[in-house]
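K.L.:
Numbering-wise, our numbering puts 56 at position 24 of the sequence shown, and it's gapless, one number per residue. Don't be surprised by glycine CBs; every beta carbon is placed ideally from N, CA and C. Small disclaimer: the values here were computed from a predicted structure and weren't measured. First, the structure itself, so that you have it in front of you.
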Amino acid sequence: RDLDEWVMYYNEQRTHQGKMCSGRTPLVTLEDGKQIWKEKFID
Numbered sequence: 033r034d035l036d037e038w039v040m041y042y043n044e045q046r047t048h049q050g051k052m053c054s055g056r057t058p059l060v061t062l063e064d065g066k067q068i069w070k071e072k073f074i075d
């Protein structure tokens, strides 16, 4: 249970400072990337 809580915090609440995340959470970065991918490859 502790691991599940930590993973949820890590992916959904904690911001990242890396080049790809730019202060966003990993979940937001993933969602933004999926939208960009759809625009480039599906539409």
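Just tell me which of Thr61, Tyr41 and Thr47 has its CA closest to the CA of Gly55.
P.N.:
Ranking Thr61, Tyr41 and Thr47 by Cα distance to Gly55 puts Thr47 first.
K.L.:
In whole angstroms, give me the CA-to-CA distance for Asp36 and Gly65.
P.N.:
Asp36 and Gly65: Cα-Cα distance of roughly 24 Å.
K.L.:
Taking the straight line between their C-alpha atoms, what separation do you get for Glu44 and Thr61?
P.N.:
Rounded to the nearest angstrom, the two C-alpha atoms are 10 Å apart.
K.L.:
What is the DSSP secondary structure of Thr47, counted as helix, strand or coil?
P.N.:
The answer is coil: DSSP assigns Thr47 none of H, G, I, E or B.
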